[in-house]
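K.L.:
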Amino acid sequence: MKIKIFSIVLIFIIALSACEKLAFDKKIDGSNISTFNYLWEQVGQKYAFLEYKEVDWDSIYFVYRPMVDNEISEDSLFKVMATMLNELKDGHVNLISPFNLSRYDITMLGPVNIDTRLIKENYLFDDYYSTGGFVHTAIRNGDIAYIRYESFADSQITDYQLDYLMDKYENTKGMIIDIRQNGGGYAINVPILLSRFTHEDTKIYETQIKTSASEDGFSVLEDVYVKSKDKKKYKQKVAVLIDRGSYSASSFFAVSTYAYDNIFLVGDYTGGGLGLPNGGQLPNGWTYRFSITRTIAVDGKNYENGVKPDYYVILNPNAYNNGIDNVIEFAADKLLENNTK
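For what it's worth, this note's numbering labels the leading residue of the sequence shown as 1, then goes sequentially.
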């Protein structure tokens, strides 16, 4: 079934959230123990990656439950529950209270693979263009378009912005889209951007929602497509630069490129984040969220722990000390190989 990206999934998630508030059991008291147990149960029933990440959630209970009684402070309870959630190693998992927000920092999982100052000083210089969320210029004597996209959250990409980029770099021999350390944002920007690199509707992955605690407790897989529009396209090959800080929407963008013969990935593995988060309210009034969907790439695999690059390239200290980003240089070399345009 062809669907607009995330539309059905998002509607279902919103419905789940509303139903949870309506169906909340009024008999559950707001004590520390009840609050802890409720959160543990919700994760066990609805978190999408327990089996994939080989997390024994029952064992986790026996580690953290003894740390909780009804006399410990709110701060202590928060720390115990937040530490328990961080066993999931998921940047989409949060515990939210009036005094704190728990988080898992995906960017700390791998080496630093970009230096933005180096890029500004030695690649963008002072005459770069800034078009919406895109910062861009031409490198390699004008043969390669370099586009730095720092966040998918920088408003929705417009047709005007993409038309401008397509026109400006129409005669280049290749394009680099740099989403290193791009922590995600608006998922709708993923298909909008990808639509400029295909002339036909393209299936980019499948998605399904966790519906029960059983290992196979998922909804039917839904195909997700990028719809080709009658807009200006880029006709040459594209290199997408990624690293462990490329998360959520950036991982969706990266994994979607597996469906494109004209796009390849360069850099480190992404940070993952291929599950859409949803949450609810705890008995004591705090709230939470965690990933309740999973994504299956066109090769049939789950890349929640990180989308694999086609070419694994890490920032070289020697190159860096000489003002060179060897990840950019590798991508540019690949784009220029056998290109006689």
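All C-beta atoms in this analysis are idealised placements derived from N, C-alpha and C, irrespective of residue type, glycine included.
Rounded to a whole number of angstroms, what is the C-alpha to C-alpha distance between Leu118 and Glu71?
P.N.:
One C-alpha to the other measures close to 53 Å.
K.L.:
Determine the DSSP secondary structure at Lys334, reduced to helix, strand or coil.
P.N.:
DSSP places Lys334 in helix when its eight states are reduced to three.
K.L.:
Check each candidate in Gln208, Gly174, Glu304 and name the one with the smallest Cα separation from Phe197.
P.N.:
If we check each option's Cα against that of Phe197, Gly174 comes out closest.
K.L.:
Please report the distance separating the alpha-carbon of Asp143 from that of His136.
P.N.:
Distance between the alpha carbons of Asp143 and His136: 13 Å.
K.L.:
Only counting the same chain, and skipping five residues up and downstream in sequence, which positions put a Cβ closer than 6 Å to that of Gln281?
P.N.:
Cβ within range, chain order: Thr287.
K.L.:
Let me know if Leu276 comes out buried or exposed under the rule of 16 or more other beta-carbons within 10 Å of its beta-carbon.
P.N.:
Flag for Leu276 reads buried.
K.L.:
Per DSSP, what are the beta-bridge partners of Asn94 in this structure?
P.N.:
DSSP, once it has assigned bridges, lists Arg289 as partnering Asn94.
K.L.:
With which residues is Asp223 paired in a DSSP beta bridge?
P.N.:
Answer is Glu206.
K.L.:
Give me the DSSP bridge partner(s) of His136.
P.N.:
DSSP output for His136 lists Tyr129, Ile147 as bridge partner(s).
K.L.:
Spatial neighbours of Gly185 within its chain, please: CB distance less than 8 Å, with the 5 preceding and 5 following residues excluded, ordered by chain position.
P.N.:
Cβ within range, chain order: Ser151, Phe152, Ala153, Asp154, Ser248, Ala249.
K.L.:
With a threshold of 16 other CB atoms inside 10 Å of the CB of Lys46, please say whether the residue is buried or exposed.
P.N.:
So Lys46 ends up on the buried side.
K.L.:
Which term fits Ser246, buried or exposed, when burial requires 16 or more other beta carbons within 10 angstroms of its beta carbon?
P.N.:
Classification of Ser246: buried, given that the 10 Å Cβ count is 16 or more.
K.L.:
Where does Thr116 fall in DSSP's three states?
P.N.:
The answer is helix: DSSP assigns Thr116 an H, G or I state.
K.L.:
Here's the rule: buried if 16 or more other CB atoms are within 10 angstroms of the residue's CB, otherwise exposed. What is Glu170?
P.N.:
Flag for Glu170 reads exposed.
K.L.:
Inspect the beta-carbon positions of Val190 and Ser291 and report whether they are closer than 8 Å.
P.N.:
Cβ distance not < 8 Å, so Val190 and Ser291 don't count as in contact.
K.L.:
What are the start and end residues of the beta strand (DSSP E) that includes Ala254?
P.N.:
Premise fails: Ala254 lies in the alpha helix (DSSP H), 249 to 256, not in any beta strand (DSSP E).
K.L.:
Measure from the alpha carbon of Asn302 to the alpha carbon of each residue in Gly30, Tyr38, Lys53, Gln42, then state which is nearest.
P.N.:
Cα-wise, what sits closest to Asn302 is Lys53.
K.L.:
Using CA coordinates, which residue listed in Gly271, Thr131, Ala239, Ser219 is at the minimum distance from Ala331?
P.N.:
Cα-wise, what sits closest to Ala331 is Ala239.
K.L.:
Since Asn94 contacts Leu101 with CB under 8 Å, what's their CB separation in whole angstroms?
P.N.:
With a Cβ gap of about 6 Å, Asn94 and Leu101 count as contacting.
K.L.:
Is Gly267 near Asp299, with beta carbons less than 8 Å apart?
P.N.:
Going by C-beta atoms, Gly267 is not nearer than 8 Å to Asp299.
K.L.:
Mind checking whether Tyr234 and Thr202 have CB atoms under 8 Å apart?
P.N.:
Not a contact, by the Cβ cut-off of 8 Å.
K.L.:
CB Arg140 to CB Leu336, shorter than 8 Å?
P.N.:
Their beta carbons are under 8 Å apart, which means Arg140 touches Leu336 by this criterion.
K.L.:
In chain order, what residues of the same chain have a beta carbon less than 7 Å from the beta carbon of Ile296, not counting five sequence neighbours either side?
P.N.:
If we look at Ile296 and ignore the five residues flanking it on each side, its Cβ neighbours are Tyr205, Glu206, Leu221, Asn302.
K.L.:
Would Lys21 be called buried (16 or more neighbouring beta carbons within 10 Å of its own) or exposed?
P.N.:
Model confidence at Lys21 stands at a pLDDT of 44, short of 50, so the residue's coordinates are unreliable and nothing is read from them.
K.L.:
Could you give the DSSP three-state label for Phe264: helix, strand or coil?
P.N.:
Three-state DSSP puts Phe264 in a strand.
K.L.:
Taking the C-alpha atoms as reference points, what is the distance between Tyr38 and Val112?
P.N.:
About 38 Å.
K.L.:
Where do the N-terminal and C-terminal ends of the beta strand (DSSP E) with Pro277 fall, by residue?
P.N.:
Taken as a continuous stretch (DSSP letters only), the beta strand (DSSP E) holding Pro277 covers 277 to 281.
K.L.:
Does the beta-carbon of Glu304 have 16 or more other beta-carbons within 10 angstroms, so that it is buried, or is it exposed?
P.N.:
Result: buried.
K.L.:
Below 8 Å on the Cβ atoms is my contact criterion, and I expect Ile324 with Leu241 to pass it. Report the Cβ-Cβ distance as a whole number of Å.
P.N.:
Rounded, the Cβ-Cβ distance is 14 Å, inconsistent with contact.
K.L.:
The alpha helix (DSSP H) spanning Gly44 covers which residue range?
P.N.:
Taken as a continuous stretch (DSSP letters only), the alpha helix (DSSP H) holding Gly44 covers 32 to 46.
K.L.:
What first and last residue would you give for the alpha helix (DSSP H) that runs through Leu193?
P.N.:
Note, Leu193: alpha helix (DSSP H), 189 to 194.
K.L.:
Which partner residues of Ala297 appear in the DSSP bridge assignment?
P.N.:
Looking at the DSSP assignment, Ala297 forms a beta bridge with Tyr205.
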